[in-house]
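See structure below.
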Amino acid sequence: MPGGPLPEDDPTADIPPPSVSPRSSFRPHTSQVARYQKTIRQLTSDAEAAAAATSRKHAELQIAAAEATRRAGDAEAAAAEGERRLAEARAAADEERARGAEAAAAQLAEVQRRLDGERAAMAAEVWE
Numbered sequence: 327m328p329g330g331p332l333p334e335d336d337p338t339a340d341i342p343p344p345s346v347s348p349r350s351s352f353r354p355h356t357s358q359v360a361r362y363q364k365t366i367r368q369l370t371s372d373a374e375a376a377a378a379a380t381s382r383k384h385a386e387l388q389i390a391a392a393e394a395t396r397r398a399g400d401a402e403a404a405a406a407e408g409e410r411r412l413a414e415a416r417a418a419a420d421e422e423r424a425r426g427a428e429a430a431a432a433q434l435a436e437v438q439r440r441l442d443g444e445r446a447a448m449a450a451e452v453w454e
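Under the numbering used here, the residues of the sequence shown are numbered 327 to 454, in order.
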């Protein structure tokens, strides 16, 4: 073949060069294994710490939500009590206003009756 043999025809193409041993290329060095194991332990520890922090934060948020719900219930009860008292005060004020109006009307009627009586007496005196 012109230009030399093709790579597919080379029976030694699968053999690695002599500077690289077949065993060392597939096995990591012991120091690499130790470094990977240390990294895995550190990452596992970091993940567990993050999970614990998340759990604590979740618990704190649940407590805060329960407290906020309790406070909202207390505020709602206080508002309902305030509305009830306001309704009572309005009813009492309306009743007092009605009594005052009745008393004023009765007093005005009495004054009017007296005026009418005085007029009648004065008219009787004039005609006598």
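Every residue gets a Cβ at the ideal spot worked out from N, C-alpha and C, and that includes glycine.
Just so you know, these numbers come straight off a predicted model, no measurement behind them.
Heavy atom of the ligand SAH less than 7 angstroms from the Cβ of Ala429, yes or no? Annotation note on the ligand SAH: not contained in the displayed structure, which lists no ligands.
What is the DSSP secondary structure of His355, reduced to helix, strand or coil? coil
Helix or strand or just coil, what does DSSP make of Met327? In this prediction, Met327 has a pLDDT of 48, which is less than 50 and means its spatial position is unreliable; what the coordinates show is noted afterwards. Coil.
Thr365 to Ala375, Cα distance in whole Å? 15 angstroms
Please report the straight-line C-alpha distance between Asp408 and Thr370, rounded to a whole angstrom. Before going on, a small fix: residue 408 reads as Gly here, not Asp. Each residue's alpha carbon lies about 56 angstroms from the other.
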